[in-house]
Amino acid sequence: MDTSIAAVITAAGSSTRMGGVKKEYLTLPKVPDSSDAARDADAVPLTVLGAAVSAFAACARIGLIIICVPPNAENGEYAARRALPERLLLQAVPAIFFVPGGGSRRISVHHALSTLAGFKPDYVLVHDGARPWVQPSLIDRVIDAVMLYDAVLPVMPLSETPKEVEDGFVSRHLKRASIVLAQTPQAFAFNPLLAAHEKAAERELAESLEYTDDTQIWGEFVGPVAVIEGDKANRKITFPEDLNEPPLK
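720 is the number of the first residue of the sequence shown in our numbering; add one for each residue after it.
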């Protein structure tokens, strides 16, 4: 098994903005016609998590997938397994492992990276399990880019002008051209990312702060992060209405 490229898929959150319903385990109403990878061979409806994992499993360059799950019996590994197509759990490559998450996204990713350390991957992709419409083409482009730059983030341009607001008033007029929307999968050289997470953990404990994004951690403790064009269909499910909206073409 080639584990030089691994993927971490985060699905350990509580989905509070979905009314406490675990969004990653909900069934998708439809799947993009262009994504053969995100359609179960038996035409069984996919869950949000099942679609995301299927896209990564379809990438021959990825040898190992770690899924971060809630650290409790009811919504932990058992529920995550039930949310995946059985064919993914039966196939040997990529191997799929489940890791209990923590109290924050950073802690969950850190747990996954610590597990991955034993497999000694060169690169790791980190993806939000609530982005079910990720396309294999974007995954391949992210892998190509991380091999060149060591850290890469897919982004989308803003379509409206952003403003910074303070105490109910506009405090700063931002330039739309220099602001982008971040997507996942984000990808990194593995060893520097793990070391950066260890430093971030120490700083969080010492200063009572919280890192919310892996590129933020990389940028502070390692160096610059390259950007590539994302995919407008690669939307994140945050609210109930997001699940019912068809993916953008």
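For each residue, glycine too, the CB sits at the ideal point set by N, CA and C.
In this structure, what does DSSP give as the bridge partners for Asp847? Residue numbering aside, residue 847 sits at position 128 when the sequence shown is read from its first letter. In the DSSP assignment, Asp847 is bridged to Thr729.
Sequence-distant residues of its chain with Cβ nearer than 7 Å to Pro764 (five each side left out): Counting from one through the sequence shown, the residue named residue 764 turns up at place 45. Within the same chain, Pro764 has close Cβ partners Thr746 and Leu747.
Could you give the DSSP three-state label for Arg758: helix, strand or coil? For the purposes of this step, residue 758 is taken as the residue at position 39 of the sequence shown. The predicted position of Arg758 is uncertain, since its pLDDT is 46 and thus under 50; a value taken from the coordinates is nonetheless stated next. Coil, per DSSP.
Run of the alpha helix (DSSP H) containing Lys918, from where it starts to where it stops: The residue you call residue 918 lines up with position 199 of the sequence shown. Phe909 to Glu926 is the extent of the alpha helix (DSSP H) around Lys918.
How is the alpha helix (DSSP H) around Glu796 delimited, first residue to last? The sequence position of residue 796 within the sequence shown is 77, counting from 1. Where Glu796 is concerned, the enclosing alpha helix (DSSP H) stretches over Glu796 to Arg801.
In the DSSP assignment, find the unbroken beta strand (DSSP E) run with Ser890 in it and report its ends. One-based indexing of the sequence shown puts residue 890 at position 171. Going by DSSP, Ser890 is part of the beta strand (DSSP E) stretching over Phe888 to His892.
Can you have a look at Pro804 and say buried or exposed, based on whether 16 or more other CB atoms are within 10 angstroms of its CB? Here residue 804 is taken as the residue at index 85 of the sequence shown, counted from 1. Per the 10 Å Cβ criterion, buried.
Rounded Cβ spacing between Leu844 and Pro904 (contact assumed at less than 8 Å): In the sequence shown, residue 844 corresponds to position 125, counting from 1. In the sequence shown, residue 904 corresponds to position 185, counting from 1. With a beta-carbon spacing of about 4 Å, Leu844 and Pro904 fall inside the 8 Å limit used to define contacts.
How many Å lie between Val944 and Leu872 at the Cα? For the purposes of this step, residue 944 is identified with residue 225 of the sequence shown, where counting begins at 1. For the purposes of this step, residue 872 is identified with residue 153 of the sequence shown, where counting begins at 1. Distance from the CA of Val944 to the CA of Leu872, rounded to the nearest whole angstrom, comes to 7 Å.
Tell me the rounded alpha-carbon separation between His892 and Val874. Locating residue 892 in the sequence shown gives position 173, where the first residue counts as 1. Locating residue 874 in the sequence shown gives position 155, where the first residue counts as 1. His892 and Val874: Cα-Cα distance of roughly 21 Å.
Does the beta-carbon distance from Ser890 to Val884 come in below 8 Å? On the sequence shown, position 171 is the one that residue 890 refers to. On the sequence shown, position 165 is the one that residue 884 refers to. Cβ atoms of Ser890 and Val884: closer than 8 Å.
Compute the distance between the beta-carbons of Ala730 and Val818, then report whether it is under 8 Å. Along the sequence shown, read from residue 1 onward, the residue named residue 730 stands at position 11. Along the sequence shown, read from residue 1 onward, the residue named residue 818 stands at position 99. No.
Tell me Tyr842's beta-bridge partners as DSSP assigns them. The sequence position of residue 842 within the sequence shown is 123, counting from 1. In DSSP, Tyr842 forms a bridge with Ile724 and Ala908.
Quick check on Thr934: buried or exposed, where buried means 16 or more other Cβ atoms within 10 Å of its Cβ? Here residue 934 refers to the residue found at position 215 when the sequence shown is read from its first residue. Buried.
Below 8 Å, how does it come out for the segment 919-935 and the segment 948-959: are there three or more Cβ pairs, yes or no? no
Where do the ends of the alpha helix (DSSP H) carrying Ile858 lie? Translated into positions along the sequence shown, residue 858 becomes position 139. Pro855 to Tyr868 is the span of the alpha helix (DSSP H), which, as asked, contains Ile858.
Closest by CA to Val812, which one among Phe775, Val828, Pro790 and Asp863? Looking up residue 812 in the sequence shown gives position 93. Looking at the Cα atoms, Phe775 is the closest of the given residues.
In chain order, what residues of the same chain have a beta carbon less than 7 Å from the beta carbon of Ser827, not counting five sequence neighbours either side? Taking the sequence shown and counting its residues from 1, the one referred to as residue 827 is at position 108. Excluding the 5 residues flanking it on each side, Ser827 has same chain C-beta neighbours closer than 7 Å at Thr729, Ala731, Cys787, Gly820 and Gly821, in chain order.
Pick from Ala777, Ile956 and Ile815 that is closest to Pro851, judged by C-alpha positions: Position 132 of the sequence shown holds residue 851. Nearest C-alpha to Pro851: Ile956.
Anyone know if the C-beta pair for Ala906 and Val941 falls short of 8 Å? Position 187 of the sequence shown, counting from 1, holds the residue named residue 906. Position 222 of the sequence shown, counting from 1, holds the residue named residue 941. Against a cut-off of 8 Å, the Cβ pair of Val941 and Ala906 comes out as no contact.
For Ala915 versus Ile936, is the C-beta distance shorter than 8 Å? As a first step, residue 915 is located in the sequence shown; it is residue number 196 there, counting from the start. As a first step, residue 936 is located in the sequence shown; it is residue number 217 there, counting from the start. Contact: yes.
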